[in-house]
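Please read the structure below before turning to the comments.
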Amino acid sequence: MTDMNRRQAIGGLGALGLGAVGLASGSAKGAGLAGLSAHPGWDASAGRFVLTDLPYDPDALEPHIDGQTMRIHHERHHQAYVNGVNTALERLAEIRAGQTDPATLELWQRRLSFHAGGHINHALFWENMAPAGTGGEPSGALMNAIRRDFGSYEAFERFFRDTSAAVEGSGWGWLVHEPVSGKLMVVQMHNQQHSLFAGVTPLLGVDVWEHAYYLRYQNRRGDYLAEFMKVINWHEVSRRFEAVARS
Ligand code: MN3
Numbered sequence: 007m008t009d010m011n012r013r014q015a016i017g018g019l020g021a022l023g024l025g026a027v028g029l030a031s032g033s034a035k036g037a038g039l040a041g042l043s044a045h046p047g048w049d050a051s052a053g054r055f056v057l058t059d060l061p062y063d064p065d066a067l068e069p070h071i072d073g074q075t076m077r078i079h080h081e082r083h084h085q086a087y088v089n090g091v092n093t094a095l096e097r098l099a100e101i102r103a104g105q106t107d108p109a110t111l112e113l114w115q116r117r118l119s120f121h122a123g124g125h126i127n128h129a130l131f132w133e134n135m136a137p138a139g140t141g142g143e144p145s146g147a148l149m150n151a152i153r154r155d156f157g158s159y160e161a162f163e164r165f166f167r168d169t170s171a172a173v174e175g176s177g178w179g180w181l182v183h184e185p186v187s188g189k190l191m192v193v194q195m196h197n198q199q200h201s202l203f204a205g206v207t208p209l210l211g212v213d214v215w216e217h218a219y220y221l222r223y224q225n226r227r228g229d230y231l232a233e234f235m236k237v238i239n240w241h242e243v244s245r246r247f248e249a250v251a252r253s
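In this note's numbering, each residue's number is its place in the sequence shown (first place is 1) plus 6.
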């Protein structure tokens, strides 16, 4: 896929109202592409969203995240979001064409938001992880920004883990770049839908739905989060940060 096609694909997502997962910022200068450059999750020739590849073997994050969880999470859960966003777009097209009861518009808009959010969240999540020992350490401009906005790396990590652990029910913890202030922030996302500020760029996300950790950690979400910190791909987080900092 060319850069332009990627930009168009992601720009399209932004136009669907999904900007708060960072895609709106991709419309002008491409920063929102940051997490999706290798596996854009969109088949331009078919005009459909597609499941993104895992950038490593499903067993590669063991023992921190187990292979069975990774397989089910990727092949079943993520695939269901891909199917869901495609179905929602088909039903909405039928409503526009007068072929489906317009009273279902609200339902399909809600499903569009949920499934498109799920697709993009997971595409970003797979890429912001890497086998332990290969993801590097936070450094350079990213580390400077972490120190500036959180005081220290340790304070950031504590806040990121506490914020993610405290998500009520299903959702996500995110480190984001907020474009108005130019600051890094740690925020929660509920379900698959954003409760973020418009236009923030997602830098690092952790899925805290039970399907992300229950097989190995059962109800011990905090233990999962401690292990997640060992499989972060800081090279990718830095790449996202530098893409948005440049734009
Ligand atoms: Mn998930």
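Note that beta-carbon positions come from the ideal geometry of N, C-alpha and C, so glycine has one too.
Note that the structure is a prediction, hence the values are computed from the model and not measured.
Counting only the same chain and skipping the five closest in sequence on each side, list residues whose C-beta sits under 8 Å from that of residue i.
| i | result |
| --- | --- |
| alanine 138 | Leu67, His70, Lys236 and Val237 |
| tryptophan 114 | Ala94, Arg97, Leu98 and Ile101 |
| arginine 153 | Tyr159 |
Using only alpha-carbon positions, find the residue among the options that is nearest to residue i.
| i | options | result |
| --- | --- | --- |
| arginine 226 | Ala171, Trp132, Thr106 and Trp178 | Ala171 |
| tryptophan 178 | Gln198, Tyr159, Phe162 and Glu160 | Gln198 |
| phenylalanine 55 | Gly90, His79, Tyr220 and Pro61 | Gly90 |
| arginine 245 | Met195, Ser119, Pro208 and Trp48 | Pro208 |
| aspartate 59 | Gly53, Ala52 and Trp48 | Trp48 |
| glutamate 174 | Ala161, Gly157 and Met195 | Met195 |
| histidine 125 | Asp63, Glu248, Leu57 and Asn150 | Leu57 |
CB of residue i to nearest heavy atom of ligand 1: below 7 Å?
| i | result |
| --- | --- |
| alanine 129 | no |
| aspartate 213 | yes |
| alanine 232 | no |
To the nearest angstrom, how far is the alpha carbon of residue i from that of residue j?
| i | j | result |
| --- | --- | --- |
| glutamate 112 | histidine 121 | 14 Å |
| valine 192 | alanine 50 | 33 Å |
| leucine 221 | valine 182 | 28 Å |
| leucine 118 | leucine 231 | 29 Å |
| serine 145 | histidine 83 | 33 Å |
| threonine 140 | glycine 205 | 30 Å |
| methionine 76 | threonine 110 | 34 Å |
| glutamine 213 | serine 176 | In the sequence as presented, glutamine is not what sits at residue 213; that position holds aspartate. Each residue's Cα considered, the two are about 8 Å apart. |
| leucine 148 | tyrosine 62 | 24 Å |
Near residue i, which residues of its chain fall below 7 Å by C-beta distance, leaving aside the five closest residues on each side in sequence?
| i | result |
| --- | --- |
| histidine 79 | His217 and Ala218 |
| proline 108 | Ile101 |
| alanine 251 | Ala147 |
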